[in-house]
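S.K.: In our numbering, the protein residues as written are 54 to 291.
Structure representation (structure tokens):
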């Protein structure tokens, strides 16, 4: 489920990141200066949202407001499902520049939730192999970078119309909502059996608690057995 979600998120991220300048220039008629400014703003907002949402997710975990699995799913609700709705709206803005930039900035920003969703889920399911899984997830997430660009080229080459760009955004929205829905239905955050470590997170926490209690008990025993040595006025043992 992590890989599926990453595919949809990667498709949307690279489509908006690489194609937005063309959309601004051709469809909205902006000059290169305006295009540069408004193409960079969404990713600044994405960075801010990523940090803020990460703090919020940690709060939910520490206060046990939601389970770890539901915290991950809530993040995907933002970075996939909500983003799909925003991109869907972008498909029908026509030449409304204000609506287009608001939806584009918002759609790119909420993708920052991926850091508390699928990316963190990699460590949840297999801490022993997280580096390998993250490498595979990165491959899957970046592959849409050239696939989506190729599709956009097929749709818009010598045919830069609002209708063709609407198809681009509809495909992106569909990719997001389909992969996000699968994650929401099937994803889990439990340590998997093939991880080679503890079977469940509860067992891990239980053993850590037992180890801590044992260490504290040993310290208390040492303290009770340590004799108290009194010194006389000459500095010698009493």
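For glycine and all other residues, C-beta sits at the position ideal for the given N, C-alpha and C.
1. Is the CB-CB distance between residue 205 and residue 68 below 8 angstroms?
2. CA-CA distance, residue 167 and residue 227?
3. Rounded to whole angstroms, what's the CA-CA distance from residue 80 to residue 239? Just pull it up for me.
4. With a threshold of 8 angstroms between beta carbons, is residue 265 in contact with chain D?
5. From residue 192 to residue 59, what distance separates their C-alpha atoms?
6. I need the boundaries of the alpha helix (DSSP H) containing residue 109, first residue and last residue.
7. Can you tell which of 151, 145 and 128 has the C-alpha that lies nearest to the C-alpha of residue 104?
8. Please state whether DSSP places residue 144 in a helix, a strand or coil.
9. Using the beta-carbon count (16 or more within 10 Å), is residue 148 buried or exposed?
10. If you check the beta carbons only, do residue 190 and residue 175 fall under 8 angstroms apart?
11. Would you give the residue range spanned by the alpha helix (DSSP H) that residue 235 belongs to?
12. Give the C-beta separation of residue 99 and residue 242 to the nearest angstrom, bearing in mind that I take them to be a contact with Cβ-Cβ under 8 angstroms.
13. Helix or strand or just coil, what does DSSP make of residue 249?
14. Thinking C-alpha only, which one of 64, 236, 229 and 214 is nearest residue 146?
15. Short check: CB of residue 107 to CB of residue 152, under 8 angstroms?
16. When you compare only the Cα positions, how much space is there between residue 200 and residue 92?
17. Within its chain, find whatever has a CB closer than 7 angstroms to the CB of residue 88; leave out the 5 residues flanking it on each side and keep chain order.
M.R.: Considering the structure as presented:
1. yes
2. 18 angstroms
3. When rounded, the distance between both Cα atoms is 39 angstroms.
4. Going by chain labels, chain D is absent from the structure shown, which holds only one protein chain.
5. 9 angstroms
6. 85-115
7. Looking only at 151, 145 and 128, the smallest Cα-Cα distance to residue 104 is reached by 128.
8. Coil at residue 144, not helix or strand.
9. exposed
10. In contact: residue 190 and residue 175 (Cβ atoms closer than 8 angstroms).
11. 215-239
12. Not really, about 24 angstroms apart at Cβ, beyond 8 angstroms.
13. coil
14. 214
15. no
16. Near 21 angstroms, if we compare the C-alpha coordinates of residue 92 and residue 200.
17. 74, 77 and 78.
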